[in-house]
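Engineer: Chains as they are written, first to last, in the numbering used here: chain A, 17 to 134; chain B, -3 to 204.
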Amino acid sequence: MKPYLWLGSIVLLLTGCQTARPLYYWGNYENINYLAYAKPDKATLDVQREKLEEDLQKAAGNSLTANPGLHAQLGYVYFQLGRVDDAIKEFTAEKSLFPEAATFMDRMIEKAQGTAAK
Amino acid sequence: MKSNPFFLFLAAMLLGGCATIPPKDYTLYRQSNPRSILVLPPVNESNEIIAPYSMLTTVTRPLSELGYYVIPVVLADHLLKENGMGLPAEMHQAPLEKLHSVFGADAVLYITIEQYGSKYQVFASNTIVKARAKLLDARNGTEIWQGRVDFVAQGQSGLLEALVTQVLNKLVDQAHMTATMASIQLLTMPGQGLLKGPRHPEYGKPSP
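#1: Given that a residue counts as buried once 16 or more other Cβ atoms are within 10 Å of its Cβ, and exposed if not, what is G130(A)?
#2: Can you tell me whether E139(B) is buried or exposed, with buried defined as 16 or more other CB within 10 angstroms of its CB?
#3: Could you tell me if T184(B) is buried or exposed, where buried requires 16 or more neighbouring beta carbons within 10 angstroms of its beta carbon?
#4: Is the distance from the Cβ of A128(A) to the Cβ of A109(A) below 8 Å?
#5: Between the segment 89 to 100 of chain B and the segment 23 to 30 of chain B, are three or more C-beta pairs nearer than 8 Å?
#6: Helix, strand or coil, according to DSSP, for F147(B) in the structure here?
#7: Would L156(B) count as contacting chain A if we go by Cβ distances under 8 Å?
#8: Strictly by DSSP, which residues pair up with D169(B)?
#9: Hey, is the segment 193 to 200 of chain B in contact with the segment 58 to 70 of chain B, meaning 3+ C-beta pairs nearer than 8 Å?
#10: Just to make sure I have the definition right: I need the residues of chain A whose C-beta is within less than 7 Å of the C-beta of S114(B). Which are they?
#11: What does DSSP give as the partner residue(s) for A129(B) in the beta ladder?
#12: To the nearest angstrom, report how far apart G113(B) and P84(A) are at their CA atoms.
#13: Are A82(A) and Y40(A) close, meaning C-beta to C-beta below 8 Å?
#14: Note down, in chain order, each residue of its chain lying with its Cβ closer than 6 Å to the Cβ of A118(A), except the 5 sequence neighbours on either side.
#15: Taking E126(A) as the reference, give the member of V100(A), W42(A) and K74(A) with the closest Cα.
#16: Taking just the CA atoms, how far does K115(B) sit from A68(B)?
#17: Would A59(A) pass as a contact of L68(A) if the rule is Cβ separation under 8 Å?
#18: Which residue wins for smallest C-alpha separation from G189(B), given the options T174(B), V145(B) and P38(B)?
#19: Within 10 angstroms of the Cβ of D57(A), are there 16 or more other Cβ atoms? Answer buried if so, exposed if not.
#20: With distance defined between alpha-carbon atoms, name the residue in L86(A), L113(A) and L61(A) nearest to L97(A).
#21: Within the present structure, is the beta-carbon of N122(B) separated from the nearest heavy atom of the ligand SAH by less than 7 Å?
#22: Could you give the first and the last residue of the continuous alpha helix (DSSP H) run that contains S79(A)?
#23: Taking only the alpha-carbon atoms, compute the straight-line gap between K201(B) and P48(B) and give it to the nearest angstrom.
#24: Helix, strand or coil for V55(B), going by three-state DSSP, please let me know.
#25: Give a yes or no on whether the minimum CB-CB distance between Y94(A) and chain B is below 8 Å.
#26: Check whether the Cβ atoms of A178(B) and V125(B) sit closer than 8 Å, and answer yes or no.
#27: Any beta carbon of chain A sitting closer than 8 Å to that of V98(B)?
#28: Give, in chain order, every residue of the segment 61 to 73 of chain A whose Cβ lies closer than 7 Å to some Cβ of chain B.
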């Protein structure tokens, strides 16, 4: 298949037509993750927190499910900022929305609680 | 005209459309039936340092939209690094049962980037992302899928423009955009990519 034929389907996939409506709301998640690796000075923890919180608000405002991983990532940003309680809240939210995350989120919650106990 | 072999060939091409590659055998895939996927940071065979993390941060969306739960990629990467695996190549060597017990994912996606970045020519530049990937059942190690992608995005920028820093910066992002396209093609192309997962409304229906 020629790349440009494929591009058409990608555009359809990304914009979502009637038959393929996206399952989730996608805001800054993937971009901010990329920036955090590629240009860390442009994606400080505070910038990440702001962008991810904005995603959650927008998803909720549009009655859409925020993308899987968003609560977990925001929780991790809170954790790195020392906001342990907020971190645990987000890890728990990820787990209850996506039970597939339970094993990993339990580990993250344990880790956060360990920090809090110190 | 009927007996003209060239015409027959042409007709076959037209009728066949772009479905020149036979669809993959998904027997083992269906047996494994993964719900969640851990994506390890890709091994980098290109010269571009950012390539693995460019590609890693583009796979969550296509995989999630296919109906899988993707273990949050940044958290997984950081946890592996904290556990002494500084490089993707080391992460790819990690015992599967260990990955399964830590992350709880049903399957692990291993990606290797073969080529990443732009090639400048006098009148145009091509941005290429070439990669291969395999999906292993994390519970028993069975390879349930493998695929490859060779994505070329053609740009208009010429060699002279490319010398301007600003344009160069733009081209770096163009490489990331190309990686985004490459990931979508690699993972979602019907008959070649992954099947629809449990969170997709068409999960379990026969693929077109």
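The beta carbon of each residue, even a glycine, is placed where N, CA and C say it ideally should be.
Structural biologist: On the basis of the supplied data:
#1: exposed
#2: exposed
#3: buried
#4: no
#5: no
#6: strand
#7: With a pLDDT of 49 at L156(B), under the threshold of 50, the modelled position of this residue cannot be trusted; read the value that follows with caution. No, because no Cβ of chain A sits closer than 8 Å to the Cβ of L156(B).
#8: According to DSSP, which records beta bridges pairwise, D169(B) is partnered with nothing at all.
#9: yes
#10: Those do not exist, as S114(B) stays about 15 Å from chain A at its closest Cβ, beyond 7 Å.
#11: I107(B) and G143(B)
#12: 29 Å
#13: yes
#14: K111
#15: V100(A)
#16: Checking the sequence shown, residue 68(B) turns out to be Pro, not Ala. Rounded to the nearest angstrom, the two C-alpha atoms are 32 Å apart.
#17: no
#18: V145(B)
#19: exposed
#20: L61(A)
#21: The model on display carries no ligand, and the ligand SAH is accordingly not part of it.
#22: First-last for S79(A): undefined, no H or E at that position.
#23: 33 Å
#24: coil
#25: no
#26: yes
#27: yes
#28: none
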